[in-house]
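For reference, the structure discussed in these notes is given below.
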Amino acid sequence: MEEKKLLGKPVAEKINSMVGEKVNFLKSKGIEPKLSVVLVGNDPASSVYVGMKEKACIQLGIHSKTYRLPENTSEKDLLDLVQQLNQDAKNHGILVQLPLPKHINEDKIINTINVKKDVDCFHPENVGRIVAGNPYVLPCTPAGIVEILKYYKIETSGSHTVIIGRSNIVGKPMANILMQKAEYANATVTVTHSRTKNISSYTKQADILIAAMGKAKFVTSDMVKEGVVVIDVGINRIDADNEKGYALVGDVDYENVAPKASFITPVPGGVGPMTIAMLMSNTALAAATQNGIKLE
Ligand SMILES: NC(=O)c1ccc[n+]([C@@H]2O[C@H](COP(=O)([O-])OP(=O)(O)OC[C@H]3O[C@@H](n4cnc5c(N)ncnc54)[C@H](OP(=O)(O)O)[C@@H]3O)[C@@H](O)[C@H]2O)c1
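Dropping the structure here:
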């Protein structure tokens, strides 16, 4: 069973080591890659994610600055901060942690981020570049999934890849990336969502199944075919009889689906470790690009 597991840790370590080398190279040219993270409000999960991003920056020698703003920050003040970070030549990446409080228009904020500093790849121009097959950077979670597929030599070309979920963060960009006429893509992609009728009829056809819906253990063994490759993006908290009182599980019923799968990512420990590694990679690339340097 162990050999079936697509663990994210070794893949993230490989990416981190490559990013570390790029950061050192940039520093030798007098460029210190810098990421600015903006957190508005007190959402505990967002606060944890921001802390993890800060820690990753420190580990890789990337300069990081976090702006912790109160919940009642006005849209104008946030826009002003983004503009200020856009203009700061020493700052190469801007990440505004989502979700934002309801009184702030997320699209307006994202659209204001300089496209070259958009390390999350949420700006419409960068999204469009993926669709057109000419990406600047890739959004972090889908990029991490591509790296897992590459690392474990899972062939996407010609596969029927079925995605559950069509969010702007995971499902949609994942579909756009894997359908490209490109290496580690060339998949025939089906995207399913909450309005899809008889979802099993699609998931059962999947050579590669990517579950990104946020519903604990939704994908059961009768929904997949023998030999499927399963990428479980979901992170869900369920009640558990342990010290914490909860456990983290994916969108896939791992115990029952794993015996049928040829490969499967566990939760936690699968896709999870990849997202921040790819953010670091995007920040190094953004720093290089803004200084006219092409990284290998
Ligand atoms: N590992 C990581 O680093 C990482 C990163 C990002 C997200 N995640 C996790 O991945 C999961 C998805 O995140 P997200 O941001 O993409 O979520 P999201 O924005 O809530 O989107 C969920 C998607 O799933 C679809 N969906 C919901 N219920 C469904 C059902 N019963 N049948 C079919 N489709 C259904 C929704 O359909 P509609 O569009 O029709 O509503 C929507 O497209 C979450 O658990 C999140 O915590 C993990």
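Here the sequence shown stands for residues 1 to 296, where the numbers follow this note's numbering. The beta carbon of each residue, even a glycine, is placed where N, CA and C say it ideally should be.
| Query | Result |
| --- | --- |
| Touch test, the segment 79–95 against the segment 33–49, Cβ-Cβ under 8 angstroms, three pairs minimum | yes |
| The segment 153–170 in contact with the segment 200–216 per 3-pair CB rule at 8 angstroms | yes |
| Alpha helix (DSSP H) segments (min. 4 residues) lying fully within the segment 140–181 | 140–151, 171–178 |
| Nearest residue (CA-CA) to ASN105, options ASP118, ASP77, VAL23 | ASP77 |
| Whole-angstrom distance between VAL257 and SER221, CA atom to CA atom | 5 angstroms |
| beta-carbon VAL271 near ligand 1 non-hydrogen atom, thresh 6 angstroms | yes |
| Contact the segment 44–61 vs the segment 79–86: 3+ CB pairs below 8 angstroms | no |
| Three-state secondary structure assigned by DSSP to ASN236 | strand |
| 7 angstroms CB neighbourhood of LEU100 in its chain, flanking five on each side removed | VAL40, GLU106, ILE109 |
| Same chain, Cβ closer than 6 angstroms to PRO139, neighbours up to 5 away in sequence not counted | CYS121, PRO173 |
| Unbroken stretches of the alpha helix (DSSP H), 4 residues or longer, contained in the segment 218–293 | 254–257, 272–290 |
| ILE231 vs THR265 beta-carbon contact at 7 angstroms | yes |
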